[in-house]
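Just below is one structure, and these are the notes that go with it.
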Amino acid sequence: MKTSKFLFVAATSAIVLSSCSKLGNLSSENFTVTPTPLEVIGGEVPATINGTFPVKYMKKKAVVTVTPVLKYEGGETAGQSATFQGEKVEGNGTTIQYKVGGVYTMKNTFAYTEPMLNSELYARFDAKLGKKVVSIPEVKIGYGVVATSQLLNRCIINGSTAPDAFQRIIAQKQEASIKFLINQANLRTSELNNVSIKDLGNILREINDNEETRALQNIEVSAYASPDGKYDFNEKLAEKRQDASADYLKGELKKIQMNANIDTKFTAEDWEGFRELISRSNLQDKDVILRVLSMYQDPEEREQQIRNMSEVFTDIKESILPELRRARLIVNYEIIGRSDEQIVAQFNSDPSKLSVEELVYGANKLASDEATRQQWNEAIARQYPSDYRALNNMAQQAIANGQTEVAQSYLKRASSINKNAPEVNTNLALLAIKDGDIAAAENYLAKGSGSETFKEVLGNLNIAKGNYTQAASDLAGVKSNSAALAQILAKDYTSAKNTLANIKNGDAITSYLQAVLAARTGDASTVTSALAKAIKQDASLAKRAVNDCEFEKYASAVKSLVK
5 MKTSKFLFVA ATSAIVLSSC SKLGNLSSEN FTVTPTPLEV IGGEVPATIN
55 GTFPVKYMKK KAVVTVTPVL KYEGGETAGQ SATFQGEKVE GNGTTIQYKV
105 GGVYTMKNTF AYTEPMLNSE LYARFDAKLG KKVVSIPEVK IGYGVVATSQ
155 LLNRCIINGS TAPDAFQRII AQKQEASIKF LINQANLRTS ELNNVSIKDL
205 GNILREINDN EETRALQNIE VSAYASPDGK YDFNEKLAEK RQDASADYLK
255 GELKKIQMNA NIDTKFTAED WEGFRELISR SNLQDKDVIL RVLSMYQDPE
305 EREQQIRNMS EVFTDIKESI LPELRRARLI VNYEIIGRSD EQIVAQFNSD
355 PSKLSVEELV YGANKLASDE ATRQQWNEAI ARQYPSDYRA LNNMAQQAIA
405 NGQTEVAQSY LKRASSINKN APEVNTNLAL LAIKDGDIAA AENYLAKGSG
455 SETFKEVLGN LNIAKGNYTQ AASDLAGVKS NSAALAQILA KDYTSAKNTL
505 ANIKNGDAIT SYLQAVLAAR TGDASTVTSA LAKAIKQDAS LAKRAVNDCE
555 FEKYASAVKS LVK
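In the numbering used here, the protein residues as written are 5 to 567.
Structure representation (structure tokens):
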């Protein structure tokens, strides 16, 4: 609670209620309360009380302590007191002049509890005249608490599911390289026996023998000549290297009886390859060479400028140019994984033969219902105990079922495996919001970025904090009760109406929010029809509706609904 701030000005007119021997009574006319009725914001009920001491009320030896008290069924909550004193009192209270009276402001905040929905605000007084205790009857100065924001506790908030990384079709590439001697295009045995060529042949055979799980896309041959010598000669040389390499591949394909197209191309002078090798080299003047390449576009001019650097050109001839006299052979293919039907069949027969990604994919996408999904997740937890995702996803299921303690247990185990997992932290934040622990929710959500429901949970956190406009922005596009609640609280009634109309499988809170929205927009018929539906869906809402200040103007109609 904040320390009360007081502002005093001379009262221009007031009725003197005191006599010369005692303090008189005060009335509700001496007080205004903002807002009226009060409203819950961020789990608290703020109240600004403006009071007036009439002229000739505060006797010079009087001391009056004012305490706001919120009364409700079963109890009351006192707010922060403020003390005022007459002119002849030496104390710490605020002095009120007898002849002019004074006005004051008290700012109070009450921690909200459910019974406060039906409550009344009183000003309570403790007074003395000198050493004598004087009785001043307490005064009712306000009524009711609008607690619409607390409906957040009854909104279903979606937990975050940890995703799978399953890909049924995975693109793969196998590359081999054949090097040529200077000015030659013949294939040397030593080159055809290198490891990359052998691996390329193995991949081709594997693709050919496993058509169900491997699919060839294409084969590429790219041949090059180094950028030294005459361009016309290099162009013909690169083309010969291309043809020789393609003919070799055709022969290999014929041996394994595999039909495939070969895409060929050649590059007369491989300046790009030259630039790349120079950049990666340790040549002393490599920066100078790179500048030459950027300054001169004509191939002959480039070559001449580089040859002029006689010392470095010797190194280039020995370490760079031989690497550019080559052909690249590339096999592009796809690995084809199990189909959805095959994954389900394998799970039913022996789930231990499925990879973790297949299992998580199956749990997230292929399970026919929540019970079956639970079985998939339990299998993952058994087979892959170091993977947090199954535990998180079982927690998400528990959250959807309202089993917060079960969810908390799963999330504790998941966090012990990966404390930084965004889905785990988002779900922990969600539970903290439900528990009213805003500080914990903020700490968890700081590590939840990237999860699928991060924005939604952030929006709900902002509702809990009383940041309604930001909450509505966070939840834009989400069709849920909490999104509609944020829009109602932010007074964006058009958006709220659209959201409520598009919620799939709306529940009692959906109907209740429609009634609240109707009450705020003056739609009397929808107030009664939506409330009737809400109470039919959840009878416990009847008591709330009777006490809800949102329906103050429709009190008689609401009472008739719950009889």
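We treat Cβ as the ideally placed atom computed from N, Cα and C, and that holds for glycine. Just so it is clear, the structure is predicted and the values come from calculations on it, not from any experiment.
For residue i, name the three-state secondary structure that DSSP assigns.
i, result
"F184", "coil"
"T408", "helix"
"S25", "Confidence at S25 is low in this model, with a pLDDT of 45, below 50, so its placement is unreliable and the value that follows should be read with caution. Coil, per DSSP."
"T113", "strand"
"Q84", "coil"
"V49", "strand"
"N266", "According to the sequence shown, residue 266 is Ile rather than Asn. Strand at I266."
"Q400", "helix"
"K567", "coil"
"K258", "helix"
"N44", "For the record, residue 44 in the displayed sequence is Val; it is not Asn. Of the three classes helix, strand and coil, the one that applies to V44 here is coil, per DSSP."
"G105", "strand"
"S486", "helix"
"E224", "strand"
"L204", "helix"
"F555", "helix"
"F35", "strand"
"V550", "helix"
"K135", "coil"
"A175", "strand"
If distances are taken between C-alpha atoms only, which option among the options comes closest to residue i?
i, options, result
"A189", "I223, K244, E446, K64", "K244"
"A494", "L504, S477, Q288", "S477"
"N162", "T408, V67, I207", "T408"
"A528", "K65, E77, I442, S560", "S560"
"D502", "N509, A487, D511", "It is Asn, not Asp, that sits at residue 502 in the sequence shown. It is A487 whose Cα lies nearest to the Cα of N502."
"G440", "K469, M313, G134", "K469"
"Q176", "G526, G148, I339", "I339"
"A349", "T457, G205, S323, W380", "W380"
"Y61", "I347, I140, T81", "I140"
"N509", "G526, T498, K483", "K483"
Can you grab the Cα-Cα spacing for the pair residue i / residue j, in whole Å?
i, j, result
"E179", "L220", "14 Å"
"I45", "Y108", "24 Å"
"G255", "E327", "25 Å"
"T514", "P389", "40 Å"
"S181", "D354", "43 Å"
"T258", "T193", "Per the sequence presented here, residue 258 reads as Lys, with Thr not at that position. Cα to Cα, the separation comes out at about 19 Å."
"N466", "I282", "55 Å"
"E308", "I223", "One detail in the question is off: residue 308 reads as Gln in this sequence, not Glu. Looking at the two C-alpha atoms, the distance is approximately 36 Å."
"N405", "A411", "10 Å"
"D496", "T530", "18 Å"
"A250", "I334", "11 Å"
"K547", "I160", "21 Å"
"K423", "V461", "18 Å"
"D232", "S200", "27 Å"
"G95", "K144", "28 Å"
"L297", "R330", "21 Å"
"G78", "N368", "48 Å"
"G148", "L434", "29 Å"
"D203", "Y228", "22 Å"
"N214", "S343", "16 Å"
"G90", "T40", "31 Å"
"G454", "K438", "21 Å"
"T532", "Y392", "48 Å"
"E305", "K459", "58 Å"
"G463", "Q474", "7 Å"
"G341", "R218", "9 Å"
"I384", "N352", "14 Å"
"N265", "Y337", "13 Å"
Short of 6 Å in beta carbon distance, which residues of its chain neighbour residue i, apart from the five on each side in sequence? Order them along the chain.
i, result
"I260", "R209, N212"
"F57", "I100, G105, G106"
"N429", "Y448, K451, G452"
"L432", "L415, Y448"
"S85", "T69, T71"
"T87", "T69, G97"
"I324", "L281"
With a CB to CB cut of under 8 Å and the five nearest residues on each side skipped, what residues in its chain are close to residue i?
i, result
"A549", "Y516, A519, L535, A538, I539, F555, V562, L565, V566"
"V138", "K26, L27, A66, A131, K132"
Kindly list the residues whose CB is nearer than 7 Å to the CB of residue i, restricted to its own chain and excluding five residues on each side of it in sequence; keep chain order.
i, result
"E374", "Q401"
"Y472", "A490, L493, A494"
_At least three beta-carbon pairs within less than 8 Å, the stretch 48-57 to the stretch 102-119_ = Under the 8 Å Cβ criterion, the stretch 48-57 counts as touching the stretch 102-119, having at least three qualifying pairs.
*Would the stretch 407-426 and the stretch 379-396 be scored as touching if the rule is three or more Cβ pairs under 8 Å?*
Counting Cβ pairs under 8 Å, three or more are found: they touch.
*asked:* For the pair the stretch 27-34 and the stretch 124-140, tell me if three or more CB-CB distances fall below 8 Å.
replied: Taking 8 Å as the limit for Cβ pairs, the verdict is that the stretch 124-140 does touch the stretch 27-34.
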